[in-house]
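Residue numbers (the numbering used here): 7 to 417. Backbone N, C-alpha and C define an ideal beta-carbon position, used for all residues, glycine too. Right, one structure below, let's go through it.
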Amino acid sequence: MAWDLLLTECRAATMEGAGDGAGYGAIEDAAIAVSGARIAWIGRRADLPKHTAKETISLGGRWVTPGLIDCHTHLVFGGDRAQEFELRLGGASYEDIAKAGGGIVSTVKATRAASEAELLESARGRLARLTAEGLTTIEIKSGYGLDLANEMKQLRVARALGRDGNAAVRTTCLAAHALPPEYAGRADAYIDLVCNDILPAVVAEGLADAVDAFSERIAFTPEQTARVFDTAKTLGLPVKLHADQLSDMGGAALAARYGALSADHIEYSAESGIAAMAASGTIAVLLPGAFYFLREKQVPPVDLLRRHKVPMAISTDSNPGSSPTLSLLLMLNMACTLFRMTPEETLAGVTRNAAAALGMGATHGMLRAGYAADLAIWDIARPAELSYWLGGNPCAGVLRAGRWVGRAFQA
Ligand code: DI6
Ligand code: FE
């Protein structure tokens with residue numbers, strides 16, 4: 007066998023079977039061979055077949071995991087919402103602020119006012135913070151444009167970030183995120199615009215890999231959401247849903263009815279919705295940053311998800327209003343402390359299950375021959391450390407599609 011790169015003397019958390027209580031799929035004293043953009047071989051070093059490698063690097067016992075995957079972000083936006091944070095600390099609720107014309111709509115104003123170059127520069131800086139922590143794949147949503155030109159602008163910026171090559175970028179059109187001010191009192195007319203104009207144009211330009219919506223009292227009804235999903239299906243795109251974040255809207259069941267890739271947040275989902283997700287293969291995406299930052303009290307139904315065997319993903323929900331974070335590792339810690347998840351579940355949540363939430367489970371999220379050579383290398387003694395530290399960054403190197411994106415260790 008002729009390989010481009012051979013990594014030896016490492017410990018691999020392959021994540022095979024992980025999240026099902028099978029451990030991290032760990033291989034002690036492992037070797038990992040890369041050819042081109044893919045993993046060519048992985049196993050115990052003692053079992054290495056006869057080979058040549060253009061380069062061999064000893065990792066000195068470091069741990070290797072799949073590159074981390076953040077499967078739910080709103081990374082491209084203008085402005086910030088620090089002032090709204092102060093209002094909330096003074097007693098106003100997230101919903102109060104949204105109803106008073108602030109909230110998402112204030113970020114819409116700032117995003118519309120920003121040029122494409124400005125949005126690209128600010129999002130690029132944020133993405134660099136995430137990739138420094140071992141991220142190799144990210145999903146980025148629109149939803150702060152809320153008209154044809156500005157939704158397209160946000161999605162073009164997300165695609166441009168993908169062309170930078172440091173992370174694989176999956177884009178999601180979230181035009182049904184909030185009601186733009188010019189449609190006040192005319193939500194159905196705005197949904198007409200989304201279905202008749204925005205989604206078809208976005209698909210024609212190849213700008214979206216999926217469609218999302220926010221079904222909530224302060225956003226869109228289940229009926230309006232269903233119209234958006236029907237259009238997505240007609241256009242051939244998979245769907246995802248911001249479901250039951252602030253109240254039980256039957257969102258989990260609605261997402262399942264459309265075979266959604268994921269239902270996200272789901273703090274308030276009922277057991278019938280969780281059972282429907284299990285039947286449709288819909289992934290639960292849990293977002294502890296938003297839970298923490300909004301001081302939410304209702305914990306997502308983790309025990310029900312376990313009982314119904316719904317795979318759980320963890321994500322930053324990185325956005326200026328409800329989860330202004332640029333640390334996926336911090337979300338692992340919060341998922342353990344706030345949601346009582348195990349470190350193994352949370353690591354599966356940012357690898358294998360996050361890949362599934364993006365429809366990428368056949369190529370990403372595990373260390374396996376044939377899978378993408380997306381690897382994160384860690385200065386840790388055991389995988390649980392990834393959810394243990396509150397801040398700090400033990401990432402020692404990142405390989406993405408077989409190329410070094412960062413490498414901070416001496417071979
Ligand atoms: N739920 C969220 O947590 C984000 N979007 C959504 O539908 C928040 C977006 C924001 O407040 O700007
Ligand atoms: Fe979100």
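- As DSSP reads the structure, residue 12 sits in a beta bridge with 39 and 62.
- Secondary structure note for residue 300: it is in no beta strand (DSSP E), with a DSSP letter that is neither H nor E.
- At least one heavy atom of the ligand DI6 lies closer than 8 Å to the C-beta of residue 325.
- Within the segment 178–250, complete beta strand (DSSP E) segments of at least 3 residues are found at 216–219 and 246–249, given in chain order.
- Residue pairing for residue 406: DSSP places it in a beta bridge opposite 409.
- Within the segment 285–358, the complete alpha helix (DSSP H) segments of 4 residues or longer fall at 294–299, 308–313, 334–345 and 349–355, listed in chain order.
- Distance check between residue 87 and each of 108, 338 and 15 places 108 closest, using alpha-carbon atoms only.
- As computed with DSSP, residue 145 is found in a beta bridge with 176.
- Per DSSP, residue 254 lies in no beta strand (DSSP E) segment and is marked neither H nor E.
- DSSP places residue 74 in the uninterrupted beta strand (DSSP E) bounded by 74–76.
- A distance below 7 Å between beta-carbons, with the five flanking residues on each side excluded, links residue 185 to the following residues of its chain, in chain order: 193 and 196.
- The segment 111–131 and the segment 77–84 touch, with no fewer than 3 CB-CB distances between them shorter than 8 Å.
- A residue is called buried when at least 16 other Cβ atoms come within 10 angstroms of its Cβ; residue 17 meets this threshold and is buried.
- In chain order, 14, 51 and 54 place their CB closer than 6 Å to the CB of residue 37, counting only its own chain and leaving out the 5 sequence neighbours on each side.
- For the pair residue 265 and residue 190, the Cα-to-Cα distance works out to about 31 Å.
- With fewer than 16 neighbouring CB atoms inside 10 Å of its own CB, residue 7 falls in the exposed class.
- CA-to-CA, the gap between residue 71 and residue 113 works out to about 35 Å.
- Below 8 Å, too few C-beta pairs join the segment 300–307 and the segment 331–340 to call them touching: fewer than three.
- The DSSP-derived three-state label of residue 34 is strand.
- Its chain contains 403 and 404 as the residues whose beta carbon lies nearer than 8 Å to that of residue 410, once the 5 sequence neighbours on both sides are disregarded; these appear in chain order.
- Taking C-beta separations shorter than 6 Å and ignoring five residues to either side along the sequence, the partners of residue 230 in its chain run 197, following chain order.
- Distances taken from the Cβ of residue 220 to the heavy atoms of the ligand DI6 include one shorter than 8 Å.
- Between residue 374 and residue 142, the beta carbon gap of about 15 Å keeps them out of contact (Cβ cut-off 8 Å).
- Counting C-beta atoms within 10 angstroms of its own C-beta, residue 188 has fewer than 16 neighbours from the protein chains shown and is therefore classed as exposed.
- Classified as buried, residue 268 has 16 or more neighbouring CB atoms from the shown chains inside 10 Å of its CB.
- In the DSSP secondary-structure assignment, residue 49 is bridged to 37.
- If you look at residue 123, you'll find it in the alpha helix (DSSP H) that goes 122–137.
- A distance below 9 Å separates the beta carbons of residue 248 and residue 183.
- Going by DSSP, residue 166 is part of the alpha helix (DSSP H) stretching over 154–170.
- The criterion of a C-beta distance shorter than 9 Å is not satisfied by residue 262 and residue 276.
- When distances are taken from the beta-carbon of residue 236 to the heavy atoms of the ligand FE, even the shortest one reaches 8 Å or more.
- Within a 10 Å sphere around the beta-carbon of residue 95 sit fewer than 16 other beta-carbons, which makes this residue exposed.
- Per DSSP, the continuous beta strand (DSSP E) segment holding residue 269 begins and ends at 268–271.
- For residue 369, DSSP records no beta bridge to any residue.
- The C-beta of residue 35 has fewer than 16 other C-beta atoms within 10 Å across all chains shown, which makes the residue exposed.
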